[in-house]
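Asker: Below is one structure. I have some questions about it.
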Amino acid sequence: MHMSHVDRIALGDAVALTRELVRIDSRNPSLVAGGVGETAVARALAQVLEAWGFNVAMTDVMPGRPNVVARIGVPGARSLMFNGHLDVVGVDGMTHAPFDASQTDGRIYGRGSSDMKAGVAAMCAAAGRAANDGALVGEVIVTAVADEEYESIGTRALVSSGLRADAAIVTEPTRLAIMPAHLGFVWITVTTHGRAAHGSRWDIGVDAIRHAGLVLAELDRMDTVELTARRHPLLGRPSVHASLIEGGTGMSTYPDRCTLHIERRTIPGETAEGVRTEMEQLCARVAHGRPNFRADVSVTFSQLPSDVDVGAPVVRVLDGALRAVGETTRIEGMSAWTDAALLNAAGIPAICFGPGDISLAHAAEEWVSTDEIERATTVLTRFALTWCGGEGKAWRS
Numbered sequence: 005m006h007m008s009h010v011d012r013i014a015l016g017d018a019v020a021l022t023r024e025l026v027r028i029d030s031r032n033p034s035l036v037a038g039g040v041g042e043t044a045v046a047r048a049l050a051q052v053l054e055a056w057g058f059n060v061a062m063t064d065v066m067p068g069r070p071n072v073v074a075r076i077g078v079p080g081a082r083s084l085m086f087n088g089h090l091d092v093v094g095v096d097g098m099t100h101a102p103f104d105a106s107q108t109d110g111r112i113y114g115r116g117s118s119d120m121k122a123g124v125a126a127m128c129a130a131a132g133r134a135a136n137d138g139a140l141v142g143e144v145i146v147t148a149v150a151d152e153e154y155e156s157i158g159t160r161a162l163v164s165s166g167l168r169a170d171a172a173i174v175t176e177p178t179r180l181a182i183m184p185a186h187l188g189f190v191w192i193t194v195t196t197h198g199r200a201a202h203g204s205r206w207d208i209g210v211d212a213i214r215h216a217g218l219v220l221a222e223l224d225r226m227d228t229v230e231l232t233a234r235r236h237p238l239l240g241r242p243s244v245h246a247s248l249i250e251g252g253t254g255m256s257t258y259p260d261r262c263t264l265h266i267e268r269r270t271i272p273g274e275t276a277e278g279v280r281t282e283m284e285q286l287c288a289r290v291a292h293g294r295p296n297f298r299a300d301v302s303v304t305f306s307q308l309p310s311d312v313d314v315g316a317p318v319v320r321v322l323d324g325a326l327r328a329v330g331e332t333t334r335i336e337g338m339s340a341w342t343d344a345a346l347l348n349a350a351g352i353p354a355i356c357f358g359p360g361d362i363s364l365a366h367a368a369e370e371w372v373s374t375d376e377i378e379r380a381t382t383v384l385t386r387f388a389l390t391w392c393g394g395e396g397k398a399w400r401s
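Whatever position you read off the sequence shown (first residue = 1), add 4 for the numbering used here.
Following this line, the structure appears as structure tokens:
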């Protein structure tokens, strides 16, 4: 553990904080056998934020899986949440040391550098700078959470504890684009039921795998015809793919079951219930032409899409903050799922904006540009001062 470095990080130094956080292994134990979880990294971050003048609470969501909630400014007036996750994915196959946080040619290398310890560092540094630079007449609530990479137990716990804010920025890597929307997903299992029989007994055998093939043919039609007709202005069309398939017991046996695991990526307005109904109707169409077709449909897991109107105050103020510091504004859709969806579902308008590139997340080589960390921190500082500071009147207009 690297506690010795922590007290040397100057107030608002996002690059130093990024390196410190990347040095601490925080692999998610739900994803990685023997993963150590977030305790060490949460403790280090809590120490830094306390030294910077935040009011800090560290709470275990599950044993060894803490959230850090750090507040600065004046409670009761306007509030702003910065949200980011402290867990990282596994390191198998990485082409450089995963936790050295080595700095070369303006880049910090390490697992979690882009996804998303640079974002966490930038949001913490921005909140610290805003409180130090100007009179905050509102409160900035920094939430650094556990488990986003698996089931988001960290942000779920925050929301169910009743924590709310007037707006939130989730500092996932967006290459400094404003991303007000992202896709959701639904995981579906379709099991087709056949009748086992010897391979020669076509008269009594019912082939569950061939029946799954009929489902796949309908799925292909859904993806190429039906789903292409639906659009979201930032995210484009929804999609569906068959992820896994299993079935059969031997070469000379009619298979009595076949299981398809399907992922359906959803756009705002689509629900898990709607997707389930869609799949049931698809199976009903197959059954219409095959009287002996039988299938079960179940939803095993789903996450909502996220959508904030591009004219919403949080988007307008962030746009203004970018322009004020000389950055160009880009508004784009995000492909990956994030905790912003959970915050939006709880009534907190939440958008994504942060340093780093999502295409480097989970990759064999992961890095973040120190320049982008600095620029993100500058923008987020200006945003916090506008939203929660003496300039706060601007966001209401």
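Glycine included, each C-beta is placed from N, C-alpha and C at the ideal position.
For R23 and V72, I'd like the C-alpha separation in whole angstroms.
Answerer: Computed Cα separation, rounded: 18 Å.
Asker: I173: which of T332, A368, L322 sits nearest, CA to CA?
Answerer: I173 has its Cα closest to that of L322, out of T332, A368, L322.
Asker: Could you please give the first and the last residue of the uninterrupted beta strand (DSSP E) stretch that includes E250?
Answerer: Unbroken beta strand (DSSP E) run through E250: 243–251.
Asker: Please report the straight-line C-alpha distance between I249 and P259, rounded to a whole angstrom.
Answerer: Their Cα atoms are separated by approximately 13 Å.
Asker: Identify, in the order they occur along the chain, each residue of the same chain with its Cβ nearer than 7 Å to the Cβ of E336, setting aside the five sequence neighbours on each side.
Answerer: For E336, where only same-chain residues beyond five positions count, the Cβ hits under 7 Å are A181, M183, L238.
Asker: Which of the three DSSP states, helix, strand or coil, is assigned to H292?
Answerer: It is helical.
Asker: Going by alpha carbons, who is nearest to G38 out of G324, T333, V19, G94?
Answerer: That would be G94, whose Cα lies nearest to the Cα of G38.
Asker: Quick test of your reading: A354 and A344, contact by CB under 8 Å. State the CB separation rounded to the nearest angstrom.
Answerer: About 4 Å; that satisfies the 8 Å criterion.
Asker: Using CA atoms only, rank isn't needed, just tell me which of V219, N136, P102 is closest to I76.
Answerer: Of the candidates V219, N136, P102, the one whose C-alpha sits nearest the C-alpha of I76 is N136.
Asker: Just to confirm my understanding: we take I266, look at its own chain, exclude 5 residues before and 5 after, and list those with CB closer than 6 Å. What are they?
Answerer: Only I192, A246 meet the Cβ criterion.
Asker: Residues in its own chain within less than 7 Å of F189 by CB, not counting five upstream and five downstream?
Answerer: Only E267, R268, R269, T270, S306, Q307, W341 meet the Cβ criterion.
Asker: Straight-line CA distance for F387 to E230?
Answerer: Their Cα atoms are separated by approximately 41 Å.
Asker: Excluding the five sequence neighbours on either side, which residues of its own chain have a C-beta within less than 7 Å of the C-beta of L21, listed in chain order?
Answerer: I13, V52, A125, C128, A129, listed in sequence order.
Asker: Going by C-alpha distance, which of A134, D170, H202 is nearest V318?
Answerer: Residue D170 is the option with its Cα nearest to V318.
Asker: Roughly how many whole angstroms lie between the Cα atoms of G16 and A233?
Answerer: Approximately 47 Å, taken between the alpha carbons.
Asker: When DSSP labels each residue in this structure, what does D64 get in the three-state scheme?
Answerer: D64: strand per DSSP, three-state reduction.
Asker: Under DSSP, the alpha helix (DSSP H) around I157 begins and ends at which residues?
Answerer: 157–164 is the span of the alpha helix (DSSP H), which, as asked, contains I157.
Asker: Where in the stretch 255–292 do unbroken runs of the beta strand (DSSP E), each at least 3 residues long, occur, reported from the N-terminal end onward?
Answerer: You should have 261–270.
Asker: Based on DSSP bridge pairs, tell me the residues matched to T196.
Answerer: T196 is bridged to C262, A299.
Asker: Using only the alpha-carbon positions, how far apart do L389 and D64 sit?
Answerer: Going from the Cα of L389 to the Cα of D64 covers about 31 Å.
Asker: Taking 6 Å as the limit between beta carbons, can you name the residues of its chain near L347, skipping five residues before and five after?
Answerer: A172, A354, listed in sequence order.
Asker: Under the rule that 16 or more other beta-carbon atoms within 10 Å means buried, what is G293, buried or exposed?
Answerer: Its Cβ having fewer than 16 others within 10 Å, G293 is exposed.
Asker: Taking C-beta to C-beta, are V40 and C392 nearer than 9 Å?
Answerer: No, the pair does not count as a contact, with Cβ atoms beyond the cut-off.
Asker: Along the alpha helix (DSSP H) that carries M120, what are the first and last residues, could you check?
Answerer: Looking at the DSSP string, M120 is not in any alpha helix (DSSP H), and its letter there is neither H nor E.
Asker: If you check the beta carbons only, do R115 and V92 fall under 9 Å apart?
Answerer: In contact: R115 and V92 (Cβ atoms closer than 9 Å).
Asker: In terms of alpha-carbon separation, which member of D211, T178, A185, E282 lies closest to D227?
Answerer: The candidate whose alpha carbon is nearest that of D227 is E282.
Asker: In the DSSP assignment, what are the bridge partners of F189?
Answerer: Answer by DSSP bridge pairing, in chain order: R269, Q307.
Asker: Does DSSP put Q43 in a helix, in a strand, or in coil?
Answerer: Per the sequence presented here, residue 43 reads as Thr, with Gln not at that position. It is helical.
Asker: I believe A131 touches V141 by the beta-carbon criterion, under 8 Å. Please report the beta-carbon distance rounded to the nearest angstrom.
Answerer: Contact doesn't hold; Cβ gap of about 15 Å is too wide.
Asker: So what's P427 in DSSP terms, helix, strand or just coil?
Answerer: Since the first and last residues shown for the chain are 5 and 401, residue 427 lies out of range.
Asker: Please return the same chain residues whose Cβ sits closer than 6 Å to the Cβ of H100, not counting the five positions on each side in sequence.
Answerer: Here the set comprises Y113.
Asker: Kindly indicate which three-state DSSP category G240 falls into: helix, strand or coil?
Answerer: It is a strand residue.
Asker: Of all the options H89, Y154, G138, which has the alpha carbon lying nearest to the alpha carbon of G123?
Answerer: It is H89 whose Cα lies nearest to the Cα of G123.
Asker: Using a threshold of 8 Å, is the CB atom of A349 nearer than that to any non-hydrogen atom of the ligand FAD?
Answerer: Looking at this structure, you won't find the ligand FAD or any other ligand, since it has none at all.
Asker: In this structure, does DSSP put G393 in helix, strand or coil?
Answerer: Coil at G393, not helix or strand.
Asker: Could you name the residues that DSSP lists as bridge partners for A148?
Answerer: DSSP output for A148 lists V72, G88 as bridge partner(s).
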